[in-house]
Structure formats: structure tokens, C-alpha cells
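Engineer: In this note's numbering, the protein residues as written are 817 to 1213. Beta carbons are placed, not taken as given, at the ideal position from N, Cα and C, and that holds for glycine. Treat the numbers as computed from the prediction; the structure is a model and nothing was measured.
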Amino acid sequence: MTRSPSNSSSSTASSSASFSPPTPGAASRQLLSEAAVALADGNHEAAATHLAALKRAANQHGDAEQRLIAMMVAALSSRIVPTVSALAQHLAELCGAEQRAGSQLLHDISPFFRLALQAASVAIVEAVGDHRAIHLVDFDVSLQQHAALIQYLADRRVPGTSLKVTAVTDPGSPYTQSQTATLTAIREPLKQLAERAGIEYRFEVVRCRAAELDASRLGCAPGEALAVNLAFALSHVPDESVSPANPRDELLRRVRALSPQVVALVEQELNTNTAPLAARFTDACAHYGAILESLDATLGRESSEKKARAEAALAKKAANAVGREGPDRLERCEVFGKWRARFGMAGFRPVALGPGIADQVAARVGPAPPGITVKAENGVLRLCWMGRVVTVASAWR
817 MTRSPSNSSS STASSSASFS PPTPGAASRQ LLSEAAVALA DGNHEAAATH LAALKRAANQ
877 HGDAEQRLIA MMVAALSSRI VPTVSALAQH LAELCGAEQR AGSQLLHDIS PFFRLALQAA
937 SVAIVEAVGD HRAIHLVDFD VSLQQHAALI QYLADRRVPG TSLKVTAVTD PGSPYTQSQT
997 ATLTAIREPL KQLAERAGIE YRFEVVRCRA AELDASRLGC APGEALAVNL AFALSHVPDE
1057 SVSPANPRDE LLRRVRALSP QVVALVEQEL NTNTAPLAAR FTDACAHYGA ILESLDATLG
1117 RESSEKKARA EAALAKKAAN AVGREGPDRL ERCEVFGKWR ARFGMAGFRP VALGPGIADQ
1177 VAARVGPAPP GITVKAENGV LRLCWMGRVV TVASAWR
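#1: Rounded to the nearest angstrom, what separates Ala1027 and Leu1042 at their Cα positions?
#2: When you compare each of Phe1048, Asp1065, Leu1050 and Ala1049 to Glu1056 by their alpha carbons, which one comes out closest?
#3: Grab the span of the alpha helix (DSSP H) containing Ala1037 for me, first residue to last.
#4: Helix, strand or coil for His962, going by three-state DSSP, please let me know.
#5: Give the range of the beta strand (DSSP E) segment to which Ala1209 is assigned.
#6: If you follow the beta strand (DSSP E) that Ala862 is part of, which residue opens it and which one closes it?
#7: Could you compute how far the alpha carbon of Glu881 sits from the alpha carbon of Pro975?
#8: Over the uninterrupted beta strand (DSSP E) stretch that includes Cys911, give me the two end residues.
#9: Pick helix, strand or coil for Pro927, following the three-state DSSP scheme.
#10: Taking the alpha carbon of Ala868 as the point to measure from, which residue in Val941, Ile885, Ala856 and Pro1092 has its own alpha carbon closest?
#11: Spatial neighbours of Thr985 within its chain, please: C-beta separation below 7 Å, excluding the five flanking residues on both sides.
#12: Let's see if you can read the secondary structure: which residues bound the beta strand (DSSP E) around Glu1083?
#13: Thinking just about the alpha-carbon of each residue, which of Phe1152, Trp1155, Lys1154 and Asn1136 is nearest to the one in Leu1146?
#14: Out of curiosity, what's the CA-to-CA distance linking Ala904 and Ala891?
#15: Phe1019 by DSSP, collapsed to three states: which one?
#16: What is the DSSP secondary structure of His951, counted as helix, strand or coil?
#17: Excluding the 5 residues preceding and the 5 following Arg1033 in the sequence, name in chain order all residues of the same chain whose CB lies nearer than 7 Å to its CB.
#18: Report the start-end ranges of each alpha helix (DSSP H) in the segment 1047-1131 that is 4 residues or longer and not cut off at the edges.
#19: Please state the DSSP three-state secondary structure of Phe835.
#20: Among Val981, Phe1019 and Ala963, which has the Cα closest to the Cα of Arg1220?
#21: Find out if the Cβ-Cβ distance for the pair Ser926, Leu1111 is shorter than 8 Å.
#22: Strictly by DSSP, which residues pair up with Ala983?
#23: Is DSSP giving Arg1165 helix, strand or coil here?
#24: If I'm right that Phe955 touches Ala1031 with Cβ under 8 Å, what's the distance once you round it to whole angstroms?
#25: What do you get for Gly1153, buried or exposed, if any count of 16 or more other CB atoms within 10 angstroms of its CB means buried?
#26: So for Val1283, helix, strand or coil by DSSP?
#27: Taking Ile1002 as part of the alpha helix (DSSP H), name the residues at either end of that continuous run.
If you want it as C-alpha cells, here you go:
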């Protein structure tokens, strides 16, 4: 994977390149990395000095590089003098209604999230085939994804199609309150959309922990084509590095026991779970930088309210991924290779997403904007910015 040329310094061996002064962006990234290393080594004084110098290059309203520096300076600064009140405020904001709304906006306006969610919807529809009764169990319902799914199902033109959605919330999760409020708000719009599409629609909310998940609790019935949606959900479920109970793998085992037709997985491609601080910071810096660059390329530099709210949500994710440790780090993404291992251990086998999936998504939402590539490789859909993988969509059974 490679970073965008505008964000990476040259690695050529030519003598002329070796004497070229570093670009401001490259110098800032180097200083950011040194601050992260200093924090990892416990040298808060050196880190504070680096971050103070970087604040002069940061600009929340500047270009993508300046906004990234502002985002990462804030994330690293939160580690220097952490207080109980600051941590409580951060977690409250991260799990609050505005953060959830901003994250949904990010999913709507960023091609990496929007196209990956569309691909998951196509994978679900292909897996259920011509079944009339469809039951979708979803652990993080997205209005945009479900609206697309309803339309895809309507396009099958199967008479008597019914869609039962079971939204699962974990009463022990800090995200539950904002998630429940969102479910209440989108239930009626989705029902109206389904009715206009000629689809009988039911929407239920089930509150249960991973260890309590079973077919009877979810209302599974004989004759249904069961699908499970795990788009951007598992990265918010603690794993064995946080809890001995390992809810992440327990959830996968419980889902496998349901014998679904398909399980759709969409996640960001970075390791903010088990990687040590310095490596985690480097990965996050490249990842969030790619997203910011792509937003400028697709939406323009002028900041709209939607873009500003989406980037504010992104900044809070970065602050948690880089600025917190232990149970307080809720943003715990993993790379696809790790997800593949987890699904394999839970007893799943992959369901290939072929080039046809990418073609169907492009037909629905248009081709990917310049700089963004959609790669269907080894049965997995990868969405990339200038060669760097940002999100990955996959399917399992």
C-alpha cells in the first residue's frame, strides 16, 4: 500500500533527490512521528515541544495536510496531561448523538464508505436469491445502506417480497444510547420507502449481549433467507486484548450458529487495535490523511456544513484511536487479514465478491471519482486512494 504522492516524501536514490529540501507536509509528518515516538517512550517534554511547533502548521480550515496535522496534534496532545474530566468528556462526545450523525454523514459523502456499503447490500441481495421472505440481522443500521438494500430487493421484481429487519443493540456498549435514538429516527422513513417499493416491511430492535445471541432471541423463523450485516460494527466490539470474555469472537461464533445465507463485513483497513502507539499513529496518519485528501478531491476545498460535521466525527475517531489506551480506546479497527483469521476460526468460509459487484455499484451510484480505485481481488472488494486501501468489503457464510 502506498500513500498519496502529496503526502509522502520521495524515496528515490538519485543524488539530486537526496539534497532536495523536504516538503512542508513531509517535515510536519516527520515531526508528528517524532512526537508519537516520544510519547511512546514516556518523554512528554520532548513531545510537547514538537507539538507546540506543529501547531503553527496546523489549520482546521486549511488544505488536507493542514487539517490532518491539526487532527493529529489534538490527538497526541490529549495524551500529555490527561484528566478524568477530559477523558469523560471525550468518551461522552465519541458515543454521543452528534458523533453518530457526523459518522453517518461521512458514510454518505465519502466514496470509500458509501461504495463499500453499497457493495455489502449487493452481496446480501445476491445471497438471498429469489427468496420472498428475507430476514436481515444488523448490528449497526445505516439509513443509506438500508435504503439501497430496499431498492436492490425491489429491482429483483419478486412478487410478495418481505423484509424483516432486526437491529441488535448491546446494553453494555457505550454506543447504545445514540444508536437507539438513531434507530427510532430511521424506522419510519425506511418503512415508507419499502412500502413505496412494494415490499412488506418489519423493523424490530433487540437488546442483547454477544453471549445471549441466538435464533429465538432474534425471532428467526423457518423459511426465511437469513442475512447478517456487520458493516462498521465489529471494530467497536472489544476483543481479547480488552476483555477476557472476548466479545468480538463470541459474537462471530454466535452469528455462525445462526447459519445465515451470508454475513456482510465492511471495515476500515488499519490497525488501531493491538498495534503499539508509534505504529498505530503512523498507520492512522496515512489512513485519515487519505480520507481527507479524497474528500477535497470529490467535494472541493470549500467546506460545507456536511463536510465539516463529517470531518469533526473523523477527528474524534482519530483522537480515540491514537489518544487512548486500554478499555478507553473504543476505535479498534483491524486489517482484513486479521478479520479473515477471526472469521475462519469462527467457522465461516468466504463468499467471493466478483467484478460484477463493482459494476453493479457503479451502475447505481456512478463510477468512482478520480484518484479512487475499486479493486475486486481474491473475492474481496478493496477501495483505495492513490493505491492505499481505505475500506474493504467482504462476504462470508
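Structural biologist: Taking the coordinates as given:
#1: Numbered from 1 along the sequence shown, position 211 holds the residue referred to as residue 1027. Numbered from 1 along the sequence shown, position 226 holds the residue referred to as residue 1042. Near 20 Å, if we compare the C-alpha coordinates of Leu1042 and Ala1027.
#2: Residue numbering aside, residue 1056 sits at position 240 when the sequence shown is read from its first letter. When only C-alpha atoms are compared, the closest one is Asp1065.
#3: Within the sequence shown, the letter at position 221 stands for residue 1037. Here Ala1037 belongs to no alpha helix (DSSP H), and DSSP marks it neither H nor E.
#4: Translated into the one-based positions of the sequence shown, residue 962 becomes position 146. The answer is helix: DSSP assigns His962 an H, G or I state.
#5: The residue labelled residue 1209 in the question sits at position 393 within the sequence shown. Element bounds for Ala1209: Arg1204 to Trp1212.
#6: By one-based count along the sequence shown, residue 862 stands at place 46. No beta strand (DSSP E) contains Ala862, which is instead part of the alpha helix (DSSP H) from His860 to Leu870.
#7: On the sequence shown, position 65 is the one that residue 881 refers to. On the sequence shown, position 159 is the one that residue 975 refers to. Answer to the nearest angstrom: the Cα atoms are 52 Å apart.
#8: The residue labelled residue 911 in the question sits at position 95 within the sequence shown. Element bounds for Cys911: n/a, residue is neither H nor E.
#9: To locate residue 927, count along the sequence shown from 1; it is residue 111. The answer is helix: DSSP assigns Pro927 an H, G or I state.
#10: Indexing the sequence shown from 1 puts residue 868 at position 52. Of Val941, Ile885, Ala856 and Pro1092, the residue nearest in Cα terms is Ile885.
#11: Within the sequence shown, residue 985 is the residue found at index 169, counting from 1. Same-chain partners within the cutoff: Thr992, Gln995, Thr996, Val1021 and Arg1023.
#12: As a first step, residue 1083 is located in the sequence shown; it is residue number 267 there, counting from the start. Where Glu1083 is concerned, the enclosing beta strand (DSSP E) stretches over Val1078 to Gln1084.
#13: By one-based count along the sequence shown, residue 1146 stands at place 330. Asn1136 is the residue among Phe1152, Trp1155, Lys1154 and Asn1136 whose C-alpha sits nearest the C-alpha of Leu1146.
#14: Locating residue 904 in the sequence shown gives position 88, where the first residue counts as 1. Locating residue 891 in the sequence shown gives position 75, where the first residue counts as 1. Distance between the alpha carbons of Ala904 and Ala891 is about 15 Å.
#15: Counted from its first residue, the sequence shown places residue 1019 at position 203. If DSSP states are grouped into helix, strand and coil, Phe1019 belongs with the strands.
#16: In the sequence shown, residue 951 corresponds to position 135, counting from 1. Strand at His951.
#17: Looking up residue 1033 in the sequence shown gives position 217. The residues are Val1022 and Cys1024.
#18: Taking only runs of at least 4 residues, the alpha helix (DSSP H) segments lying wholly in the segment 1047-1131 are 1063-1073 and 1093-1115.
#19: Within the sequence shown, numbered from 1, the residue matching residue 835 stands at position 19. Low confidence applies to Phe835: its pLDDT is 33, below 50, so where it sits in the model is not reliable, and the reading given next is rough at best. Reduced to three states, the DSSP call for Phe835 is coil.
#20: A question about residue 1220 goes unanswered here, because the residues of the chain that appear run from 817 up to 1213.
#21: For this step, residue 926 is matched to residue 110 along the sequence shown. For this step, residue 1111 is matched to residue 295 along the sequence shown. Yes, Cβ-Cβ distance for Ser926 and Leu1111 is below 8 Å.
#22: Sequence index remark: in the sequence shown, residue 983 carries index 167 (1-based). Answer by DSSP bridge pairing, in chain order: Asp954 and Val1021.
#23: What you label residue 1165 is simply residue 349 of the sequence shown in a count that begins at 1. In the three-state reduction of the DSSP assignment, Arg1165 falls in the coil class, being assigned neither a helical nor a strand state.
#24: Here residue 955 is taken as the residue at index 139 of the sequence shown, counted from 1. Here residue 1031 is taken as the residue at index 215 of the sequence shown, counted from 1. Not a contact, Cβ separation roughly 16 Å.
#25: Numbered from its first residue, the sequence shown carries residue 1153 at position 337. By the Cβ-count criterion, Gly1153 is exposed, with fewer than 16 other Cβ atoms from all chains shown falling within 10 Å of its own Cβ.
#26: Because the chain here runs from 817 to 1213, residue 1283 falls outside it and cannot be looked at.
#27: Within the sequence shown, the letter at position 186 stands for residue 1002. Counting along the chain, the alpha helix (DSSP H) containing Ile1002 begins and ends at Thr992 to Arg1012.
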